[in-house]
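S.K.: Per mature numbering (1 follows the signal peptide of the UniProt record, and there is no 0), the sequence shown runs over residues -21 to -1, 1 to 269.
The beta carbon of each residue, even a glycine, is placed where N, CA and C say it ideally should be.
Predicted model only: the values in this text are computed from it and were never measured.
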Amino acid sequence: MKKLIKLSIALSILVFTSCNNKVEENIKMYTETWDEIINSGNLELINENNFTDDVTLIYSPDNIVGLESFKDYYSNFVTGFSDVEFTMKNVFGQDDNIVKHWHYKGTHTGDFFGIPATGKTVNIEGVTLVKMNAGKIAQEQDFMDNMLFLQQLGIISSPENIGIIDNLYKAFDVGDIPSVLGSLDANVIWNEAEGNAYADGNPYIGPDAVLNGVFARVGGEWDGFKLVDIELHDMSNNQVLATLRYNGTYKKTNKAIDAQVAHLWTLKDGKVIAFQQYVDTKQLNDVTKK
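As structure tokens, this is what we get:
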């Protein structure tokens, strides 16, 4: 009886060790293969030696199946980006299953699924579920924040942009200029409309330049200057278009304006990095003449 127990324990240890070795071999093969494919751009490693013939990427609306389709899909990440840094932050497995937590960073300098190069940098993390079969990669399913990825590419804008610009206008309305300036990036590029008297300082670089070159002059030269009928329009490439009107009275001539205006705001990481004004400059110039 004791001999049977010892034999059973020995067999269990052998099986456990064998399983562990298999998992370790799968993880080693998997990590080395993808490191070479993404970081070195070696797409030829997507072959029958490393992947099953019917390797499948679980995808919506249709799965991507087969070596060539699999290679075509991932070629977009290799040829569409430069300065690529692909790291696996954590990898673990059980039996033929692997879970990887990864980080991908690169600059969009080539065609990416038909999207021309934007020059923007993406910095994203995700998780992939993997199934192995006889030491080969048989199936993958990626989980990542696709919305954030597209925002970083500038294909869609951050949903926070409208709120940031709305708060900026509300602060301006109550005379809270520090809050307005606080919404601007330290190196914001600000341009007044060509033909506007305040365009003499274009481009204003930084909040202090905007304060002294635009806001201080507006406050000193106009009575009751107001922005009214403001409507905000979410744009691609992290831009917000504002359509509005200027109301106010020019102090030196006592003439009033009701001018049609558009502001184009560009944001990054929650800050305004660029501003372009479009306005009825003829009306602005007419009210300054006695």
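(1) What separation, rounded to the nearest whole angstrom, lies between the Cα atoms of LEU163 and ALA96?
(2) Over the uninterrupted alpha helix (DSSP H) stretch that includes GLY142, give me the two end residues.
(3) I need the straight-line Cα distance from VAL251 to VAL70, nearest angstrom please.
(4) In this structure, does DSSP put LYS268 in helix, strand or coil?
(5) Do you know whose CA, among THR10, SER39, THR35, PRO182, lies nearest residue 283's CA?
(6) Output yes or no for whether 7 Å exceeds the beta carbon distance between VAL89 and GLY59.
(7) Extract the residue ranges of the beta strand (DSSP E) inside the stretch 56 to 100, only unbroken runs of 3 or more that lie entirely within it.
(8) Which two residues bound the contiguous alpha helix (DSSP H) that contains ASP187?
(9) Relative to the C-alpha of residue 278, which candidate in SER215, TYR53, ASN181, TRP244 has its C-alpha closest?
(10) Beta-carbon separation of ILE236 and TYR148 under 7 Å?
(11) Would PRO186 be called buried (16 or more neighbouring beta carbons within 10 Å of its own) or exposed?
(12) Give the DSSP-derived three-state secondary structure of GLU173 in the structure shown.
(13) Whole angstroms are fine: how far does the CA of LYS268 sit from the CA of ASN102?
(14) The beta strand (DSSP E) with LEU246 in it runs from where to where?
(15) Measuring CA to CA, which of PHE204, ILE156, LYS205 is closest to ASN191?
(16) Just how far apart, CA to CA, sit residue 271 and GLU3?
(17) To which residues of the same chain is VAL189 closer than 6 Å at the C-beta, ignoring the five residues directly before and after it?
(18) Buried or exposed: where does PHE92 fall if 16 or more other Cβ atoms within 10 Å of its Cβ makes it buried?
(19) Run through the DSSP bridge pairs and tell me what GLU210 is partnered with.
(20) Express the C-alpha separation of ASP75 and LYS(-16) in angstroms, rounding to a whole number.
(21) So does the stretch 4 to 22 actually touch the stretch 106 to 125, counting three or more Cβ pairs closer than 8 Å?
(22) Smallest Cα separation from GLU104: which of LEU127, LYS231, LEU243?
(23) Between the C-alpha atoms of residue 276 and GLN130, what's the straight-line distance to the nearest angstrom?
(24) As a quick exercise: from ILE17, LYS115, LEU46, pick the residue whose alpha carbon is nearest that of TYR9.
(25) Report yes if the CB atom of ILE141 is closer than 7 Å to the CB atom of ASP202, and no otherwise.
(26) From what residue to what residue does the beta strand (DSSP E) around ILE37 run?
(27) Mapping DSSP to helix, strand and coil, what is GLY105?
(28) Quick one: using the 10 Å Cβ neighbour count with 16 as the cut-off for buried, is ALA176 buried or exposed?
M.R.: On the basis of the data shown:
(1) 27 Å
(2) 140 to 152
(3) 39 Å
(4) coil
(5) No statement about residue 283 is possible, as the shown extent of the chain runs from -21 to 269 and does not include it.
(6) Looking at the sequence shown, residue 89 is not Val but Gly. Yes, these two residues count as a Cβ contact at 7 Å.
(7) 60 to 73, 76 to 87
(8) 186 to 189
(9) This structure cannot settle anything about residue 278, because the visible part of the chain is limited to -21 through 269.
(10) no
(11) buried
(12) coil
(13) 53 Å
(14) 234 to 247
(15) ILE156
(16) Outside the displayed span of the chain (-21 to 269) sits residue 271, for which this structure offers no information.
(17) TRP169, TYR183
(18) exposed
(19) THR222
(20) Low local confidence applies: a pLDDT of 48 at LYS(-16) is under 50, so the model's placement there is unreliable, with the coordinate-based value given in what follows. So the two alpha carbons sit approximately 29 Å from each other.
(21) yes
(22) LEU127
(23) A question about residue 276 goes unanswered here, because the residues of the chain that appear run from -21 up to 269.
(24) LYS115
(25) no
(26) Here ILE37 belongs to no beta strand (DSSP E), and DSSP marks it neither H nor E.
(27) strand
(28) exposed
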